[in-house]
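Colleague: With this note's numbering, the residue at position 130 of the sequence shown is 111, and numbering never jumps.
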Amino acid sequence: MTLFEKLTLKAKANPQRIVLPEGTEPRTLTAANRILSDGLAEIILIGNKADIMSMASELKLAHINRARIVDPADEEVIDRYAPLFYELRKKKGVTMEQARLTTANALYLGCLMVKAGDADGQVAGAMNTTGNVLRAAFQVIKTQPGIDVVSGAFLMLLPKDLPFGKNGLMVFADCAVVPDPSAKELAQIAISAAQTARDIAGIEPRVAMLSFSTKGSARHERVDKVIEATRIAREMAPDLIIDGELQADAAIVPGVAHTKCPDSPLSGRANVLVFPSLEVGNIAYKLVQRLGNVQAVGPVLQGLAAPVNDLSRGCFPEDIYKTIIMTCNQAIGLKENA
-18 MTLFEKLTLK AKANPQRIVL PEGTEPRTLT AANRILSDGL AEIILIGNKA
32 DIMSMASELK LAHINRARIV DPADEEVIDR YAPLFYELRK KKGVTMEQAR
82 LTTANALYLG CLMVKAGDAD GQVAGAMNTT GNVLRAAFQV IKTQPGIDVV
132 SGAFLMLLPK DLPFGKNGLM VFADCAVVPD PSAKELAQIA ISAAQTARDI
182 AGIEPRVAML SFSTKGSARH ERVDKVIEAT RIAREMAPDL IIDGELQADA
232 AIVPGVAHTK CPDSPLSGRA NVLVFPSLEV GNIAYKLVQR LGNVQAVGPV
282 LQGLAAPVND LSRGCFPEDI YKTIIMTCNQ AIGLKENA
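#1: Identify the residues that DSSP records as bridge partners of Ala154: which are they?
#2: Applying the 10 Å Cβ sphere with the 16-neighbour rule, what's the burial state of Pro140?
#3: Can you tell me which of the three DSSP states Ala188 falls into?
#4: Spatial neighbours of Glu260 within its chain, please: CB distance less than 7 Å, with the 5 preceding and 5 following residues excluded, ordered by chain position.
#5: Excluding five sequence neighbours on each side, which residues of the same chain lie with their C-beta closer than 6 Å to the C-beta of Tyr302?
#6: Using the rule of at least 16 other Cβ atoms within 10 Å of the residue's Cβ for burial, across every protein chain shown, is Met(-18) buried or exposed?
#7: Would you grab the beta carbon distance between Val188 and Ala171 for me? Rounded to a whole angstrom, and I think it's under 8 Å.
#8: I'd like to check one pair, Ala174 with Ala199: are the Cβ atoms closer than 8 Å?
#9: Is any heavy atom in the ligand NAD found nearer than 7 Å to the beta carbon of Asn29?
#10: Starting from the C-beta of Thr9, find all residues in its chain whose C-beta is less than 7 Å away, skip the five residues before and the five after it, and write them out in chain order.
#11: Determine the extent of the alpha helix (DSSP H) in which Ile324 is found, giving its start and end residues.
#12: For Ile222 and Lys165, I'd like the C-alpha separation in whole angstroms.
#13: At the level of alpha carbons, what is the spacing between Gln176 and Pro186?
#14: Per DSSP, Thr124 is paired with what?
#15: Mapping the DSSP letters down to three states, classify Pro298 as helix, strand or coil.
Set out below in structure tokens:
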């Protein structure tokens, strides 16, 4: 059974309420129609109902009428959610009038629905920039307790002939959001990546904090950062199998680990790789993807108190469909760990 077959079964067994704020976008509607047809989630579309149904009719989407449609111009909707945004942001100088205007923005309205407990997660980005998607999430949903940073992980689906990871799966982080994390932020990225490994990849995390040094083989302030991040992560999650600083080969090749770090609890069998900076993580996942014929799924945004995932504006309906399924699994995992 493939990863997405497992994720699909879990989503179907535990239907979540997913907000799609780009409710009139054709690719989004196509993906929503498939989700509804497959019975994988309850879908909430934000937009004008007439416009949504007109587009659905044009695209011949037979199941959109099963979705809940929320109009951001509806005064009753504004009356319900604007006070929540005001309470969240009044210390930042936001007035009630400004809160009402912001609530009419579909990205913020979707996040407010999640914050209010009326939805379980949000997927957006087919029409909006990553910055806009994240800004709404930061201001409304905020981060999980003990986590200050939102990061991006990729699920790397390896060919069967590669003997790495767990059942052909690895998690790479951060490859999408934080350019140069501090030691504290890097530790939090590791904790979040471990949660992603459990909730989405369905594997027990074995986390390697990567560097160009293995256990003191080189000295540099960047090495010191990884060492400190490993120490902090261990304090945050004492039961987590984690080690660092490690070079990549010492993290994933048992023979190399036996030589370079024989006392490592990972024993060269890491399945979660945490990179010391965004440039390293982004370059690494793209090289592995292209040179190793590896499927890279993501980025999955991690660290938020409730799942919000960003799409590429060049995405296909299949990408949105899979992102909704991943978001469902994140929401399920957060509830199970609450």
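All C-beta atoms in this analysis are idealised placements derived from N, C-alpha and C, irrespective of residue type, glycine included. All values derive from a computational prediction rather than experimental measurement.
Modeller: Taking the structure as given:
#1: One-based indexing of the sequence shown puts residue 154 at position 173. Paired residues: Ala134 and Val255.
#2: Position 159 of the sequence shown, counted from the start, is the residue given in the question as residue 140. Exposed, since its Cβ has fewer than 16 Cβ neighbours within 10 Å.
#3: Walking along the sequence shown from the start, residue 188 turns up at place 207. According to the sequence shown, residue 188 is Val rather than Ala. Strand at Val188.
#4: For the purposes of this step, residue 260 is taken as the residue at position 279 of the sequence shown. So no residue of the chain qualifies.
#5: Here residue 302 refers to the residue found at position 321 when the sequence shown is read from its first residue. For Tyr302, where only same-chain residues beyond five positions count, the Cβ hits under 6 Å are Ala12 and Arg15.
#6: For the purposes of this step, residue -18 is identified with residue 1 of the sequence shown, where counting begins at 1. Per the 10 Å Cβ criterion, exposed.
#7: Mapped onto the sequence shown, residue 188 falls at position 207. Mapped onto the sequence shown, residue 171 falls at position 190. Val188 to Ala171, Cβ: 5 Å. Contact.
#8: In the sequence shown, the residue the question calls residue 199 occupies position 218. In the sequence shown, the residue the question calls residue 174 occupies position 193. Not closer than 8 Å, so no.
#9: Because no ligand of any kind appears in the structure shown, any question about the ligand NAD cannot be addressed here.
#10: To locate residue 9, count along the sequence shown from 1; it is residue 28. Correct list, in chain order: Leu1, Glu3, Ala107 and Ile301.
#11: Look at the range of the chain in this structure, -18 to 319, and you will see that residue 324 is not part of it.
#12: In the sequence shown, counting from the first residue as 1, residue 222 sits at position 241. In the sequence shown, counting from the first residue as 1, residue 165 sits at position 184. Cα-Cα distance, rounded: 18 Å.
#13: Residue mapping note: residue 176 aligns to position 195 of the sequence shown, counting from 1. Residue mapping note: residue 186 aligns to position 205 of the sequence shown, counting from 1. Near 8 Å, if we compare the C-alpha coordinates of Pro186 and Gln176.
#14: Residue mapping note: residue 124 aligns to position 143 of the sequence shown, counting from 1. DSSP lists Leu285 as partners of Thr124.
#15: For the purposes of this step, residue 298 is taken as the residue at position 317 of the sequence shown. Pro298 falls in the helix class under three-state DSSP.
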